[in-house]
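Participant:
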Amino acid sequence: MEEINTHKKSNYRLALIIFILLLGIIIFSEIRYYLGGFLAAIAMYSLLKEQMIHLTEKLKWSRGLSASIIVLASIIFILIPLTGIGFLVADTISGINLDHAEITKTIDDFVVLIENKFKIEVFTPQNLSFLPQAGSTIMQSVVSGLSSMLINSVIAIFVLYFMLYSYGHFENVILEILPFNENNKVILLQETKLIILSNTVGIPVVAFTQGLLAYIGYLSMGVSTPLVFAVLVAFTTVIPVVGTTLVWVPIGISALLSGDLVRGIILLTYGLFIIGGSDAIIRFMLQKRLANIHPLITFFGVLIGLAIFGFWGIIFGPLLLSMFILLLNMYRHDYIKGSAAEPNVITTQNTQTNVLMRMKKK
4 MEEINTHKKS
14 NYRLALIIFI
24 LLLGIIIFSE
34 IRYYLGGFLA
44 AIAMYSLLKE
54 QMIHLTEKLK
64 WSRGLSASII
74 VLASIIFILI
84 PLTGIGFLVA
94 DTISGINLDH
104 AEITKTIDDF
114 VVLIENKFKI
124 EVFTPQNLSF
134 LPQAGSTIMQ
144 SVVSGLSSML
154 INSVIAIFVL
164 YFMLYSYGHF
174 ENVILEILPF
184 NENNKVILLQ
194 ETKLIILSNT
204 VGIPVVAFTQ
214 GLLAYIGYLS
224 MGVSTPLVFA
234 VLVAFTTVIP
244 VVGTTLVWVP
254 IGISALLSGD
264 LVRGIILLTY
274 GLFIIGGSDA
284 IIRFMLQKRL
294 ANIHPLITFF
304 GVLIGLAIFG
314 FWGIIFGPLL
324 LSMFILLLNM
334 YRHDYIKGSA
344 AEPNVITTQN
354 TQTNVLMRMK
364 KK
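Using this note's numbering, read the sequence shown as starting at 4 and increasing by one per residue.
Written out as structure tokens, the structure is:
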């Protein structure tokens, strides 16, 4: 009889899991367009939870009042600036008129100059004819991704309020349903918080700083449409190795080709030492306080995130990819005998091991 009851209980459990999954799929299919709002709320919750604890447990304010004040401050200092920047970027990009023929001609002239100067065949304009079209496609994707930003911001406000109001309980529910041992549950929460903090603070700070420096420099040196190029500089900060050189090198070379040698040299020097140099300085300063995430995770994460989450994908794409690698390392660590993987994905300033495949210390 006991065996029959155990079998029935197992069947009931399986049926319950199936129903939960089915309902989850239905719900997710309807709210997937607003996923960015939920993710934004989670990110802000990770940043603001300590302030909520301070107000409620140390100052003895009520949860409702504390959550309301924090949400109001978030709207004023986080959501409004981000939304404004997002719509500014969308308006700027949508106003760009790419002349494919002119761009191809410029590439042609540049290639001929290089080949005549160095007597080598680099590439043909036909090989690069896809660049203008690719640029148009990327800009259209960014603009369409920003179109849902306003409604996602509203969703983020409501979700953030209830997450703050129920702080503590929120983490307990997550810990209960995670299918990991206690050690891995703690690791997952800690790494998630560090990754969210790094992406939420690190990526926007680097992008904004380099974009601002580019705008100031290009405006003072008479570059046409400096705001457009500043926006492009900000977006290229997530590209590993080459990064902002994709923007400031062509601008400087364009000035040189037009015969303005002094201005071209100044633009290239400014791009190398001010725009490019600021990247290393900012990242070095941030790594003292934040997790060090591999540049490839950031780069491919942003590509994935923009396609899935729109504008918020700049932050949550790298998080999604980081979580995938973290869970993969957890599986290797727990279930593959002899695996040298550790259940983590980030490094700190004092760690020199590989981010993607962290090894055990011998």
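C-beta atoms are modelled at their ideal positions from N, C-alpha and C, and glycine is treated no differently. In this text, all values refer to a predicted model and were calculated from it rather than measured experimentally.
1) Could you have a look at L131 and say whether DSSP puts it in helix, strand or coil?
2) Quick check on DSSP: helix, strand or coil for A343?
3) Using the rule of at least 16 other Cβ atoms within 10 Å of the residue's Cβ for burial, across every protein chain shown, is E185 buried or exposed?
4) DSSP three-state call for W64: helix, strand or coil?
5) Assuming S281 contacts T212 under a Cβ cut-off of 8 Å, what Cβ separation, rounded to an integer in Å, is found between them?
6) Quick check on DSSP: helix, strand or coil for M152?
7) Rounding to the nearest angstrom, what Cα-Cα distance links L293 and I318 in this structure?
8) Would you kindly check if the distance between the Cβ of L192 and the Cβ of E179 is under 8 Å?
9) Within the chosen definition, does the segment 249 to 265 reach the segment 225 to 237 through at least 3 CB pairs nearer than 8 Å?
10) Buried or exposed for M288, please, with buried defined as at least 16 other CB atoms from any protein chain shown within 10 angstroms of its CB.
11) Sort I34, P207 and L167 by Cα distance to R66 and report the nearest one.
12) Count the other CB atoms, across all protein chains shown, that sit within 10 Å of the CB of L153; report buried if there are 16 or more and exposed otherwise.
13) In chain order, which alpha helix (DSSP H) runs of at least 4 residues are fully inside the segment 269 to 345?
14) Could you pull the start and end residues of the alpha helix (DSSP H) that L260 belongs to?
15) Quick check: what's the CA-CA separation for E345 versus L68?
16) Check whether the Cβ atoms of Y170 and K11 sit closer than 8 Å, and answer yes or no.
17) Please list the segments of the alpha helix (DSSP H) lying wholly inside the segment 156 to 216, counting only runs of 4 or more residues, in order along the chain.
18) Does G225 come out as helix, strand or coil in the three-state DSSP assignment?
19) Rounded to whole angstroms, what's the CA-CA distance from A44 to A159? Just pull it up for me.
20) How is T9 classed by DSSP in three states: helix, strand or coil?
21) Am I right that F232 and V226 are in contact with their C-beta atoms under 8 Å? What's the rounded C-beta distance?
22) Taking the alpha-carbon of P298 as reference, which of Y221, P321, I328 and A70 has the nearest alpha-carbon?
23) Closest to A70 by CA distance: which of Q54, S201 and M326 is it?
24) Quick one: what's got a C-beta closer than 6 Å to G40's C-beta in the same chain, skipping five residues either side?
25) The alpha helix (DSSP H) with F41 in it runs from where to where?
26) Whose C-beta lies closer than 7 Å to the C-beta of W64 among residues of the same chain, with five residues either side of it excluded?
27) Could you check which residue in I278, F312 and I190 has the C-alpha nearest to that of V209?
28) For L334, does the count of other Cβ atoms within 10 angstroms reach 16, so buried, or fall short, so exposed?
29) So, are the CB atoms of L163 and S77 less than 8 Å apart?
30) Using a Cβ-Cβ cut-off of 6 Å (strictly less than) and excluding sequence neighbours within five positions of G341, which residues of its own chain qualify?
31) Does the Cβ-Cβ distance between N347 and I177 come in under 8 Å?
32) Here's the rule I'm using: 16 or more other beta-carbon atoms within 10 Å means buried, otherwise exposed. How should T301 be labelled?
33) Classify G383 as buried or exposed, calling it buried when 16 or more other Cβ atoms lie within 10 Å of its own Cβ.
34) Between which residues of its own chain and L222 is the CB-CB distance below 6 Å, once the five residues before and five after are set aside?
Facilitator: On the basis of the supplied data:
1) Only weak support is given to the placement of L131: the predicted model assigns it a pLDDT of 49, under 50, and the question is left unresolved by the model.
2) coil
3) exposed
4) coil
5) 6 Å
6) helix
7) 14 Å
8) no
9) yes
10) exposed
11) L167
12) exposed
13) 279 to 290, 298 to 312 and 316 to 338
14) T248 to L260
15) 42 Å
16) no
17) 172 to 180 and 185 to 200
18) coil
19) 5 Å
20) helix
21) 6 Å
22) P321
23) Q54
24) N155, I158 and A159
25) L38 to I56
26) L58
27) I278
28) Note that residue 334 is Tyr in the sequence shown here, rather than Leu. That one is exposed.
29) yes
30) none
31) no
32) buried
33) The question about residue 383 has no answer here: the residues shown for the chain are numbered 4 through 365.
34) P229
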